[in-house]
Amino acid sequence: MGGCVFCGIVAGDVPAFRVADTPQGVAFLDTRPVFKGHVLVVPRAHLVTLADLPAGDLPGYFGLVQRLAVAVEAGLGAGGTFVAMNNKVSQSVPHLHTHIVPRTKGDGLRGFFWPRTRYADDAEAGAYAARVAAALT
Numbered sequence: 002m003g004g005c006v007f008c009g010i011v012a013g014d015v016p017a018f019r020v021a022d023t024p025q026g027v028a029f030l031d032t033r034p035v036f037k038g039h040v041l042v043v044p045r046a047h048l049v050t051l052a053d054l055p056a057g058d059l060p061g062y063f064g065l066v067q068r069l070a071v072a073v074e075a076g077l078g079a080g081g082t083f084v085a086m087n088n089k090v091s092q093s094v095p096h097l098h099t100h101i102v103p104r105t106k107g108d109g110l111r112g113f114f115w116p117r118t119r120y121a122d123d124a125e126a127g128a129y130a131a132r133v134a135a136a137l138t
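In terms of my numbering, the sequence shown is residues 2 to 138.
Next comes the structure, spelled out in structure tokens:
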């Protein structure tokens with residue numbers, strides 16, 4: 002898609018520090034990493050959100066994400082990884098991408114990047130669970 006920087010990276014028109022280039026997707030270093038070694042994984046096709054990824058492509062794409070999470074940890078001597086994806090809100094590039102961030106104990110990253118909240122009671126939690134369950138297709 003014209004103007005999409007990730008499509009440009011996939012096509013080889015935009016330079017990137019590639020980590021993997023497979024039929025399932027392309028992985029490269031984030032130019033603004035949370036920590037050094039922060040990798041982005043993108044599908045080859047221009048898809049905006051996870052909902053746009055065809056069901057048949059899920060095993061291949063997430064298999065690549067899984068392999069890269071293991072490689073980031075092993076290759077960088079990290080204690081683990083943080084694997085995350087934004088859909089629309091906070092998605093800096095409108096092309097589906099998964100973040101794989103190397104983690105070490107005491108690295109200063111605490112849980113999620115946003116404040117946490119609580120449900121008022123079990124009834125409210127149950128109501129939210131029911132709304133999500135009802136929307137499953």
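Idealized CB from N, CA, C, for every residue including glycine.
By DSSP's assignment, Asp-22 forms a beta bridge with Val-27. A residue is called buried when at least 16 other Cβ atoms come within 10 angstroms of its Cβ; Val-15 does not meet this threshold and is exposed. DSSP places Ala-121 outside both helix and strand once states are collapsed to three, so it counts as coil. Judged by DSSP in its simplified three-state form, Gly-81 adopts strand. Contact between Val-73 and Gly-38 holds, with the beta-carbon distance rounding to 6 Å and staying under 8 Å. If you ignore the 5 residues before and after Asp-108, its C-beta comes within less than 7 Å of the C-beta of Phe-36, all in its own chain and listed in chain order. Secondary structure note for Val-43: its beta strand (DSSP E) is the uninterrupted segment 40 to 43.
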